[in-house]
Amino acid sequence: MVQAISNLKLLVNQIEQLADDLAKKNGIEHLAGPQGHVLLYLDKHQSDEIFIKDIEQFLKISKSVSSNLIKRMEKNGFITTALSQTDKRRKRIVLTDAGRLKLPLLQQFHQDMREYLFKDITCADLQILKKVSQQLQTNIDSYKLEAAQTEEQLLKPQDDRTAAGACERDSAPF
């Protein structure tokens, strides 16, 4: 099992290196990762109002990480924010013309990734890969849920009797 995890980590690193190389080849160095995924997500959901919360859920990242990502993308000129058409208290994320210009390059990048990664892999093997990937994701989600519940239990205040007893012991003069 340890070897399997080690091999998986090495494979992930090699996939990231391939992605970096292909991104450079396609002229989208900074879009091979989450920024590119956000551009494609915004393009796919053009008719919807998309908010930072949607990006958090789509990429499965925290609020602070998504906020920094959005700031970087605004700075790079790929997106802008605008007031929601339905709730003026909220800001929606909008794809800019510069962001739209990158879409064909991103699509070519993803096509290249699929061609290189899945070359000579049968449809049956791809189905197995999909099934295993989904189970890995389920296991990770389960761990995160358990960890959140454990943290919640640790942060939960003790009942009044126990808390009061602890306070009395803590303030004893000896």
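With full-length UniProt numbering, you'll find the sequence shown wraps up at 174, consecutive numbering, no jumps.
Yeah, the Cβ is synthetic: ideal placement off N, Cα and C, and Gly gets one too.
No experiment lies behind these values; they were computed from the predicted model shown.
The alpha helix (DSSP H) spanning residue i covers which residue range?
i           : result
residue 63  : 63-75
residue 31  : First-last for residue 31: undefined, no H or E at that position.
residue 3   : 2-25
residue 156 : No alpha helix (DSSP H) holds residue 156; DSSP gives it neither H nor E.
residue 53  : 52-59
Do you know whose CA, among the options, lies nearest residue i's CA?
i          : options              : result
residue 80 : 42, 103, 116 and 58  : 42
residue 8  : 149, 132 and 146     : 132
residue 92 : 128, 62, 3 and 49    : 49
residue 73 : 97, 123 and 111      : 97
residue 25 : 71, 110, 149 and 146 : 110
residue 44 : 107, 137 and 11      : 107
The beta strand (DSSP E) that contains residue i, what's its start and end?
i          : result
residue 92 : 91-95
So, using beta-carbon positions, are residue i and residue j closer together than 7 Å?
i           : j          : result
residue 102 : residue 18 : no
residue 29  : residue 23 : yes
residue 175 : residue 95 : The structure shown does not extend to residue 175, since the chain spans only 1 to 174, so no value can be given for it.
residue 99  : residue 39 : yes
Apart from the five residues just before and just after residue i, which ones in its own chain have a Cβ nearer than 7 Å to its Cβ?
i           : result
residue 126 : 118
residue 34  : 59 and 69
residue 37  : 59
residue 13  : none
Taking only beta-carbon positions, decide if residue i is within less than 7 Å of chain B.
i           : result
residue 100 : Absent here is chain B; the protein component of the structure consists of one chain.
By Cβ distance below 6 Å, which residues in the same chain neighbour residue i in space, the five residues on each side in sequence not counted?
i           : result
residue 66  : 52, 55 and 56
residue 172 : A caution first: residue 172 carries a pLDDT of 48, below 50, which makes its placement in the model too unreliable to give a value.
residue 1   : none
residue 11  : none
List the DSSP bridge partners of residue i.
i          : result
residue 79 : 95
Just to confirm my understanding: we take residue i, look at its own chain, exclude 5 residues before and 5 after, and list those with CB closer than 8 Å. What are they?
i           : result
residue 64  : none
residue 20  : 29 and 32
residue 113 : 18, 19 and 22
residue 62  : 56
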